[in-house]
Amino acid sequence: QVQLVESGGGLVQAGGSLRLSCAASGSFLRVMGWYRQAPGNQRELVATITSDITTNYADSVKGRFTISRDNAKNTVYLQMNSLKPDDTGVYYCNGRISHYGLDYWGKGTLVTVSS
37 QVQLVESGGG LVQAGGSLRL SCAASGSFLR VMGWYRQAPG NQRELVATIT SDITTNYADS
97 VKGRFTISRD NAKNTVYLQM NSLKPDDTGV YYCNGRISHY GLDYWGKGTL VTVSS
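Anchor point for the sequence shown: position 44 equals 80 in this note's numbering, and the numbering is continuous, going up by one each time.
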């Protein structure tokens, strides 16, 4: 059974930084990523990273957020800099055993950016 556990959310002022972590257990995940959902909005992609460290970012976070992973620890990170109030939402960790396999989700961690 794959489990994903996020940590690192919180309250930060605009312009500040936060680092999210997500530890996976149960199976090695070739694709890991972060999605977010703001109140009243649909869940949206933030960034993904494969086991060979190919990354993909939403246009809204390019240049501000950096996704990384530690394959040995089956853990993915999201460094968020220059945060904006629009970045507020619940951030969900996502993972797949194979590139086109089943999606696994964490329970989410809340990020609140105050203006």
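Here a beta-carbon is modelled for each residue, glycine too, at the ideal position from N, C-alpha and C.
Just so we're clear, the structure is a prediction, and the values are computed from it rather than from any experiment.
CA nearest to the CA of residue i, picked from the options
| i | options | result |
| --- | --- | --- |
| ARG132 | ALA83, PHE64 and GLY45 | PHE64 |
| GLY205 | VAL126, ARG100 and TRP70 | Here the chain comprises residues numbered 37 to 151, so residue 205 is not present and cannot be evaluated. |
| ASP122 | ALA83, VAL147 and GLN37 | VAL147 |
| VAL97 | TYR128, CYS129, TYR136 and ASN117 | ASN117 |
| THR91 | LYS109, GLU80 and TRP70 | TRP70 |
| GLN73 | LYS109, SER87 and ASN130 | ASN130 |
Buried or exposed by the 16-neighbour rule on C-beta atoms within 10 Å, applied to residue i
| i | result |
| --- | --- |
| ASP106 | exposed |
| ARG138 | Looking at the sequence shown, residue 138 is not Arg but Leu. Classification for LEU138: exposed. |
| GLY76 | exposed |
| LEU47 | exposed |
| ALA17 | Residue 17 lies beyond the range of the chain shown here (37 to 151); nothing can be said about it. |
| THR111 | buried |
| TYR140 | buried |
| TYR136 | exposed |
Beta-carbon proximity check, residue i vs residue j, cutoff 7 Å
| i | j | result |
| --- | --- | --- |
| ILE85 | MET68 | yes |
| GLN49 | SER150 | yes |
| THR102 | GLN115 | yes |
| GLY62 | VAL38 | yes |
CB-CB length for residue i against residue j, believed under 8 Å
| i | j | result |
| --- | --- | --- |
| LEU54 | GLU42 | At roughly 12 Å, the Cβ-Cβ gap does not stay under 8 Å, so LEU54 and GLU42 are not in contact. |
| TYR113 | SER104 | 5 Å |
| GLY144 | VAL126 | 4 Å |
Three-state class that DSSP yields for residue i in the structure shown
| i | result |
| --- | --- |
| VAL38 | coil |
| SER87 | coil |
| ASP95 | helix |
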